[in-house]
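The structure under discussion appears below in the form of structure tokens.
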Amino acid sequence: MTEVTMTVNGKTVSGSVEGRTLLVEFIRNDLHLTGTHVGCDTSQCGACAIHVNGKLVKACTMFALEADGAEVSTIEGQANDDGSLNVIQQAFKEHHGLQCGFCTPGMVMAAADLLKTNSKPTELEIREHLEGNICRCTGYHNIVKAILAASGQDVSNIAAE
Amino acid sequence: MPKDSGIGAAIKRREDARFLLGSGRYSDDITLLNQTHAIFVRSEVANGEINSIDTSEAEAMPGVLAVFTGEDFVDVGGNPAGWLINSRNGDPMKEPKRPVLAHGKVRHVGDAYAAVIAETEQQARDAAEKINADIKELPAVIDMASALSGKNFVHDEIGTNQCYDWGWIEDNREATDKAIKNAHHVTTLELVNNRLVPNAMEPRCSIADYNPANDDYTLYTTSQNPHLTRLLISAFVLGIPENKLTVVSPDVGGGFGSKIYHYGEEALVLAAAKRIKRPVRWTATRSESFMSDAHGRDHVTKIELALDKDNNFLAFRTETMANVGAYLSNFSTVTPTILHGTLMAGNYAVPNVYVNVKTVFTNTAPVDAYRGAGRPEATYSLERVIDKAATELGVDPIKLRRQNFIKPDQFPYVTAAGLNYDVGDYDAIMDRLEHHADLKGFAQRRKKSEAAGKLRGLGINSYIEACGIAPSNLIGTLGARVGLYDAATIRVNATGNISVMVGAHSHGQGHETAFPQIVADMLGVDPDNVEIVHGDTSKIPFGMGTYGSRSLAVCGSAIVRGVEKIISKGKKIAAHMMETTDDKVDFEEGVFSVKGTNKTVSFGDVALKAYIPHDFPIEDIEPGLEETAFYDPQNFTYPAGAYACEVEVDPDTGQVTIESFAAADDFGNIINPMIVEGQVHGGLAQGIGQALLEGCTYNEDGQLISASYMDYTMPRAADLPSFIVDHTVQTPSTDNPLGVKGCGEAGAIGSPPTVVNAVVDALRSANHNVTHIDMPLTPERVWAAMNN
Chain H
27 MTEVTMTVNG
37 KTVSGSVEGR
47 TLLVEFIRND
57 LHLTGTHVGC
67 DTSQCGACAI
77 HVNGKLVKAC
87 TMFALEADGA
97 EVSTIEGQAN
107 DDGSLNVIQQ
117 AFKEHHGLQC
127 GFCTPGMVMA
137 AADLLKTNSK
147 PTELEIREHL
157 EGNICRCTGY
167 HNIVKAILAA
177 SGQDVSNIAA
187 E
Chain G
1396 MPKDSGIGAA
1406 IKRREDARFL
1416 LGSGRYSDDI
1426 TLLNQTHAIF
1436 VRSEVANGEI
1446 NSIDTSEAEA
1456 MPGVLAVFTG
1466 EDFVDVGGNP
1476 AGWLINSRNG
1486 DPMKEPKRPV
1496 LAHGKVRHVG
1506 DAYAAVIAET
1516 EQQARDAAEK
1526 INADIKELPA
1536 VIDMASALSG
1546 KNFVHDEIGT
1556 NQCYDWGWIE
1566 DNREATDKAI
1576 KNAHHVTTLE
1586 LVNNRLVPNA
1596 MEPRCSIADY
1606 NPANDDYTLY
1616 TTSQNPHLTR
1626 LLISAFVLGI
1636 PENKLTVVSP
1646 DVGGGFGSKI
1656 YHYGEEALVL
1666 AAAKRIKRPV
1676 RWTATRSESF
1686 MSDAHGRDHV
1696 TKIELALDKD
1706 NNFLAFRTET
1716 MANVGAYLSN
1726 FSTVTPTILH
1736 GTLMAGNYAV
1746 PNVYVNVKTV
1756 FTNTAPVDAY
1766 RGAGRPEATY
1776 SLERVIDKAA
1786 TELGVDPIKL
1796 RRQNFIKPDQ
1806 FPYVTAAGLN
1816 YDVGDYDAIM
1826 DRLEHHADLK
1836 GFAQRRKKSE
1846 AAGKLRGLGI
1856 NSYIEACGIA
1866 PSNLIGTLGA
1876 RVGLYDAATI
1886 RVNATGNISV
1896 MVGAHSHGQG
1906 HETAFPQIVA
1916 DMLGVDPDNV
1926 EIVHGDTSKI
1936 PFGMGTYGSR
1946 SLAVCGSAIV
1956 RGVEKIISKG
1966 KKIAAHMMET
1976 TDDKVDFEEG
1986 VFSVKGTNKT
1996 VSFGDVALKA
2006 YIPHDFPIED
2016 IEPGLEETAF
2026 YDPQNFTYPA
2036 GAYACEVEVD
2046 PDTGQVTIES
2056 FAAADDFGNI
2066 INPMIVEGQV
2076 HGGLAQGIGQ
2086 ALLEGCTYNE
2096 DGQLISASYM
2106 DYTMPRAADL
2116 PSFIVDHTVQ
2126 TPSTDNPLGV
2136 KGCGEAGAIG
2146 SPPTVVNAVV
2156 DALRSANHNV
2166 THIDMPLTPE
2176 RVWAAMNN
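Residue numbers (our numbering), protein chains in the order written: chain H, 27 to 187; chain G, 1396 to 2183.
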């Protein structure tokens, strides 16, 4: 077992992990931050998407040890300071961008990553940016709509009717 | 009730905040004190004889607490089939035992034959690798036709791979044969309804907690119907008394059918928790999900459509082989039969229908209901053969459908496949579809695509489904071994807020938001004062869970009945308070009043009085305000719709892209249109996935070669368009008090033939003599169809 220390959602945390412990396992099992989900074992589904040093990362593709000293941000750190939903989260709620909620944390983290670099993405850019995130419930329609809305764009053109 | 929060209002979902903040509570998020971990050892071969399993090395590994094999469960029951289907000759279906862990033989890749319990998951995993099993690989039974004709049996003890040979309706067989023989025109189509993996994003997870003090158990599990899971474990598998077993399904990350069923892993963790007297948990990896979740579809069908000289439909005749996999999953026998055969008249006034289904055991994972369950298979066969007939006859596919629709004045209409459709207006739906699909502009769009070197196709479909899977008296005659009513308890608390305990389970459907809209509307209270409790057998009277688009039609109706009882008792209390008799009391918008007077008491005052009955006529009125209703309808509901899809095909690569997709559905009355639209979107995505991308594939040795997201193509955001969804045609169901029909499966039922019709249309526009391509329409298959 090896000691590992990192900053998660602004707090310094540490723990002792095996070499094979994945970052997502450390986050879920040691830190009990269970908003980051595990939906596959081949780094395909994106349910575990988080930000590491400002970059969108699938937390199942890194060992916990690799994140030693890193700045990690998870879904639990996304709300406004008063605990209310941030702009992206609010847009997901407003536009029914989630159903079972399992992929949702990864989707929100992916959306935040996109809007950081592209403040007014097109529908196609959003769809392409979500290539690493699978949702089985929504058909993506309302996720795309929510992200467009979160970026302040008009969504009436992709209204459902 | 303000119309912005009651029935029909698109209010935002109250469950969203916890999911968006990362504070949802899924099974795998639960940590129990002193918990241990289970890892299953699964077969690497499709068919094999277990000669021996040596567990000694595993048992000596660090942290190992117990090891189980099939030997440990020989004296307990098997996981049963919930529906008895008889063959045409009257013989009952074959029901080989499905054990908790494989014993004697392993029958599919992923069939679990041992389990290790250890202090940590990694220790359990390490020890599982030290289980030394001597398994002699046998030839695998994979192809259905060979399975039926061969002598290599998945279950030696039954001496056949045929589960049953079912005919529907047997009395119609001769007339159907005759109609086809004498018809002016017969269109024949052979097709495959591809095998799919449901792929809820949350893998299955089960955690068992045993309490030796009371000899009782709690099972946290990813289930769409916790009561049914408890019933199966109690009555059939482990024999734990129902009142000693609590099943909790907290937040569940999607189901789509795959989490209806009881699985052996649930029984194993319960048995293990009792043996080691500590909680035992297991969460599937995605690879395990692919290998061991119940799969869907997997039919091979020949369908014939007979028409007269005026293009009137005379008969549909279908022969289907349906793969049931290695064991019977709980609803696996009803899915390819009742849920498929009874829909084989579609939306059409066709006088003759006959369906023959042979269901086949193979060395593959069990196959059961997946979103739509039998109805997508029926719709696909019907709507593909109708399209082919339109091409052969040179008639417009919409006109051909419209000509044969059951007309609004024909309802209630008993179809040749035996169902009694209560109400519908298929032409009105098609009108809405034509409005959205801009058919007139298609020629222009096709020209534009052609100018860009692409082929463009238009596909049309109309579908009907039987939902609100319930009527116990009907399904009982059809072989169901359970009733399929649902239940709700309405508890009005002393302070006036309301808890509603429901048998339906929400795993994405938004019950926590939509159900309170019903209660709020009826009682004139704010929906925020109504809390839905679901997914816990210790809190809920009973329930048959969520599947078959039944939650609102059946459980929602139970809520209505329960609230009616509350109002009825409330009137008695109000009458006492206002010194009158309850027949003189009205209730409206949350206020009880005495007819013809200005005397009123509020709902809240009545609730409080119910719990502080100082001056109650106790012999006439019991204290408290809580009512339970079980609701069992008399018929299915019949949502229907029409879909249009435009595709572009790249002639050089065979790549298909969906350019537009419009869906017009009739769901009857709608409680929350936002949620309804979301359900349709999701169904469409799964149906388009089936049509273009998804295919669960076993090779001839029974190896599952699509066992991860690297190999099994899930629809991603860029694979799909935005959808046009219309539900303005609303013919309310006449069979339930809400007039609702169900919307959860529609999209998955109607979309696969729409897409395939569109691709075939695109190819034919370039003079390719293509009449059919089997799903999924991968670039390779489309290219091959163009270049053969």
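From the three backbone atoms N, C-alpha and C, an ideal C-beta is built for every residue, glycine too.
(message) Taking CB distances under 7 Å as the criterion, tell me whether Leu-1614 of chain G reaches chain H.
(response) no
(request) For the beta strand (DSSP E) containing Tyr-1775 of chain G, list its first residue and its last residue. (result) For Tyr-1775 of chain G, no beta strand (DSSP E) run applies; the uninterrupted alpha helix (DSSP H) run containing it begins and ends at 1770-1788, by DSSP.
(message) So, with DSSP's three-state summary, where would you put Ala-175 of chain H?
(response) helix
(request) Determine the DSSP secondary structure at Gly-132 of chain H, reduced to helix, strand or coil. (result) helix
(request) Using a Cβ-Cβ cut-off of less than 9 Å, list which residues of the stretch 161-177 of chain H approach chain G; keep chain order. (result) Cys-161, Arg-162, Cys-163, Thr-164, Gly-165, Tyr-166, His-167, Asn-168, Ile-169, Val-170 and Lys-171
(message) Distance check for Ile-53 of chain H and Ser-1601 of chain G, CA to CA, integer angstroms please.
(response) 21 Å
(request) Taking Leu-2079 of chain G as the query, report the chain H residues whose CB atoms sit under 8 Å from its CB, ordered along the chain. (result) Below the 8 Å Cβ cutoff, chain H contributes Gly-165 as neighbours of Leu-2079 of chain G, in chain order.
(message) Give me the DSSP bridge partner(s) of Ala-1513 of chain G.
(response) Partner(s): G:His-1432 and G:Val-1459.
(message) At the level of alpha carbons, what is the spacing between Asp-1931 of chain G and Leu-1614 of chain G?
(response) Approximately 10 Å, taken between the alpha carbons.
(request) Report the residue from G:Ala-1510, G:Gly-2090 and G:Gly-2063 whose alpha carbon sits nearest the alpha carbon of Asp-1817 of chain G. (result) G:Gly-2063
(request) Evaluate contact between the stretch 1586-1594 of chain G and the stretch 1685-1695 of chain G, counting only Cβ atoms and requiring at least three cross-stretch pairs below 8 Å. (result) yes
(request) Taking only the alpha-carbon atoms, compute the straight-line gap between Ala-1453 of chain G and Phe-1463 of chain G and give it to the nearest angstrom. (result) 11 Å
(request) Spatial neighbours of Glu-1552 of chain G within its chain, please: CB distance less than 7 Å, with the 5 preceding and 5 following residues excluded, ordered by chain position. (result) Pro-1491
(request) Pick helix, strand or coil for Gly-1562 of chain G, following the three-state DSSP scheme. (result) Note: Gly-1562 of chain G maps to strand in three-state DSSP.
(message) For His-2009 of chain G, count the other beta carbons within 10 Å of its own beta carbon; 16 or more makes it buried, fewer makes it exposed. Which is it?
(response) exposed
(request) At 7 Å on the CB atoms, spell out the chain G contacts of Glu-60 of chain H, in chain order. (result) For clarity, residue 60 of chain H is Thr in the given sequence; the question names Glu instead. Asp-1424, listed in chain order.
(message) 7 Å is my cut-off, CB to CB: does Thr-1941 of chain G come that close to chain H?
(response) no
(request) Pull out every residue of the stretch 1579-1595 of chain G whose Cβ sits closer than 9 Å to any Cβ of chain H, in chain order. (result) Listed by position along the chain: Pro-1593, Asn-1594 and Ala-1595.
(request) Please determine, among G:Ser-2117, G:Glu-1926 and G:Arg-1568, the residue with the shortest C-alpha to C-alpha distance to Leu-2079 of chain G. (result) When only C-alpha atoms are compared, the closest one is G:Ser-2117.
(request) With 7 Å as the threshold, decide whether the Cβ of Ala-105 of chain H is near any Cβ in chain C. (result) No chain C appears in the structure shown, which is made up of the protein chains H and G.
(message) Please classify Pro-2012 of chain G as buried or exposed, where buried requires at least 16 other C-beta atoms within 10 Å of its C-beta.
(response) exposed
(request) May I ask you to report which of helix, strand or coil DSSP gives Asn-1799 of chain G? (result) Three-state result, Asn-1799 of chain G: helix.
(request) Return the first residue and the last residue of the alpha helix (DSSP H) that Phe-89 of chain H is part of. (result) Unbroken run through Phe-89 of chain H: none, as it is neither H nor E.
(request) Look at the Cβ atom of Leu-1850 of chain G, then the Cβ atom of Ala-2086 of chain G, and state whether they are nearer than 7 Å. (result) no
(request) Consult DSSP for Leu-1850 of chain G and reduce its assignment to one of helix, strand or coil. (result) strand
(request) Please report the residue range of the alpha helix (DSSP H) in which Asp-2000 of chain G lies. (result) 1998-2006
(message) Pop quiz: Ala-1701 of chain G and Ala-1574 of chain G are said to be a contact at Cβ under 8 Å. What is the actual Cβ separation, rounded to whole angstroms?
(response) 5 Å
(request) Consider the Cβ of Gly-80 of chain H: report whether some Cβ of chain G lies at a distance smaller than 7 Å. (result) no
(request) Please list the segments of the beta strand (DSSP E) lying wholly inside the stretch 1702-1751 of chain G, counting only runs of 3 or more residues, in order along the chain. (result) List check, beta strand (DSSP E) in window: 1708-1720.
(request) Compute the beta-carbon to beta-carbon distance between Met-1972 of chain G and Leu-1879 of chain G, rounded to the nearest angstrom, for a pair I have assumed lies under 8 Å. (result) Rounded, the Cβ-Cβ distance is 40 Å, inconsistent with contact.
(message) Please report the straight-line C-alpha distance between Asn-1429 of chain G and Ala-1667 of chain G, rounded to a whole angstrom.
(response) 14 Å
(message) If we define contact as Cβ-Cβ less than 7 Å, is Thr-130 of chain H a contact residue for chain G?
(response) By this cut-off, Thr-130 of chain H is an interface position.
(message) Here's the rule I'm using: 16 or more other beta-carbon atoms within 10 Å means buried, otherwise exposed. How should Tyr-2006 of chain G be labelled?
(response) exposed
(message) Would you call the stretch 109-129 of chain H in contact with the stretch 163-176 of chain H, where contact means no fewer than 3 C-beta pairs closer than 8 Å?
(response) yes
(message) For the structure I just gave you, are there three or more beta carbon pairs, one from the stretch 1866-1883 of chain G and one from the stretch 2023-2037 of chain G, closer than 8 Å?
(response) Yes, they touch.
(message) If contacts are defined as beta-carbon pairs under 8 Å, then Gly-1649 of chain G and His-1900 of chain G qualify, I think. What distance do you get, rounded to the angstrom?
(response) No, Gly-1649 of chain G and His-1900 of chain G are not in contact; Cβ-Cβ is about 12 Å, not under 8 Å.
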